[in-house]
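**Q**
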Ligand SMILES: Nc1ncnc2c1ncn2[C@@H]1O[C@H](COP(=O)(O)OP(=O)(O)OP(=O)(O)O)[C@@H](O)[C@H]1O
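Residue numbers (my numbering): 57 to 307.
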């Protein structure tokens, strides 16, 4: 259980500032979806929280600057360069917890995650022999194998068919609630964000454009201002918004 508080976050690459003055928070048992146009700074935000890029401003975890030991991070870029099998790749997720040898508990944890994501039959295959969607599931498995308290997923469903998209987000939601994880997930699919997130942060040009519940944030005005899209947004029976994009309103 980790309360993440971000205050006046700034990230720059060389002379280019890509996140500027961003305040945000996420709590245990909660999925925070991070939305925004391409290049707006979503991955940079998640990398800053994971400690993978330097930043200014403050990021605290339960009020402390020190990151919790158990972080699960799934990057957006999941190339197949490493000559590892699926089993080995998922085991890497437990690196911080491995002793001098792989123990029974590690193998059991990996086994459980492989089963949960339906990856058992692929366990001995090399990453380079998988489809893009299968590889995405393997890297999700790697993030979950850490048994994280803080879970960060950068576009985890972008290569998945619609059933796997739903399955993955259902698993993420179930684990988030059952284990009181604090979950940050970068998504491009507005309707999946509306359906699965407790809170939504919209990033635009490195700044926080909107932050609140899906119903507060995902509306026609935001889609026009932030994404340059004309859309119709209806509230479903459960009060969550449903977006139908109509046309690009600017080029
Ligand atoms: N390592 C880097 N060096 C220099 N600039 C970078 C680097 N990584 C990202 N950027 C730039 O920072 C800005 C934000 O990138 P970031 O990857 O955070 O955006 P994003 O919102 O995740 O985009 P997308 O939806 O396309 O994945 C972009 O303009 C990008 O070109």
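By construction, the Cβ of each residue, glycine as well, lies at the ideal position given by its N, Cα and C atoms.
Keep in mind it's a predicted model, so treat the numbers as computed, not measured.
Leaving out five residues on either side along the sequence, give the residues of the same chain with a beta carbon under 7 Å from the beta carbon of residue 123.
**A** Result list for residue 123: 107 and 117, in chain order.
**Q** If you drop the 5 nearest sequence neighbours on each side, which residues of the same chain put their C-beta closer than 8 Å to that of residue 298?
**A** Cβ within range, chain order: 247, 250, 289, 290, 291 and 292.
**Q** Suppose the cutoff is 7 Å on Cβ atoms and the five residues either side in sequence are ignored; what does the same chain contact list for residue 172 look like?
**A** Here the set comprises 227.
**Q** Does residue 218 pass the burial test, meaning 16 or more other C-beta atoms within 10 Å, or should it be called exposed?
**A** Answer is exposed; the Cβ neighbour count stays below 16.
**Q** Answer with buried or exposed for residue 150, where buried requires no fewer than 16 other C-beta atoms within 10 angstroms of its C-beta.
**A** By the 10 Å Cβ count, residue 150 comes out buried.
**Q** Is residue 113 helix, strand or coil when you go by DSSP?
**A** If DSSP states are grouped into helix, strand and coil, residue 113 belongs with the strands.
**Q** Is the beta carbon of residue 144 within less than 8 Å of some heavy atom of ligand 1?
**A** No; taking the cut-off as 8 Å, the Cβ of residue 144 has no heavy atom of ligand 1 nearer than that.
**Q** What does the alpha-carbon distance come out to for the pair residue 104 and residue 182?
**A** Roughly 30 Å separates the two Cα atoms.
**Q** Could you give the uninterrupted runs of the alpha helix (DSSP H) lying entirely in the region 137-187, keeping only those of 4 residues or more?
**A** Listed in chain order, the complete alpha helix (DSSP H) runs (minimum 4 residues) inside the region 137-187 are 142-148 and 160-172.
**Q** Three or more beta-carbon pairs under 8 Å between the region 123-135 and the region 82-97, yes or no?
**A** Verdict: no, contact absent.
**Q** Let me make sure I understand the geometry here. Which of 63, 88 and 89 has the alpha-carbon closest to that of residue 78?
**A** When each option's Cα is compared against that of residue 78, the closest is 63.
**Q** Taking 8 Å as the threshold, find out whether the region 201-214 comes into contact with the region 232-245 through three or more Cβ pairs.
**A** Contact holds: three or more Cβ-Cβ distances are below 8 Å.
**Q** Whose CA, out of 231, 143, 295 and 278, lies closest to the CA of residue 180?
**A** Looking at the Cα atoms, 143 is the closest of the given residues.
**Q** What does DSSP give as the partner residues of residue 89 in its beta bridges?
**A** DSSP, once it has assigned bridges, lists 241 and 256 as partnering residue 89.
**Q** Taking the Cβ atom as the reference point for each residue, do residue 220 and residue 189 lie within a distance shorter than 9 Å?
**A** In contact: residue 220 and residue 189 (Cβ atoms closer than 9 Å).
**Q** Any heavy atom of ligand 1 closer than 8 Å to the beta-carbon of residue 93?
**A** Within the cutoff, so yes.
**Q** Please classify residue 249: does DSSP put it in a helix, a strand, or coil?
**A** Residue state, collapsed to three classes: helix.
**Q** Report the rounded CA-to-CA distance for residue 146 versus residue 231, giving the unit in angstroms.
**A** Distance between the alpha carbons of residue 146 and residue 231 is about 17 Å.
**Q** Can you pull the DSSP bridge partners for residue 285?
**A** Bridge partners of residue 285: 304.
**Q** Among 199, 203 and 193, which has the Cα closest to the Cα of residue 223?
**A** Answer by Cα proximity: 193.
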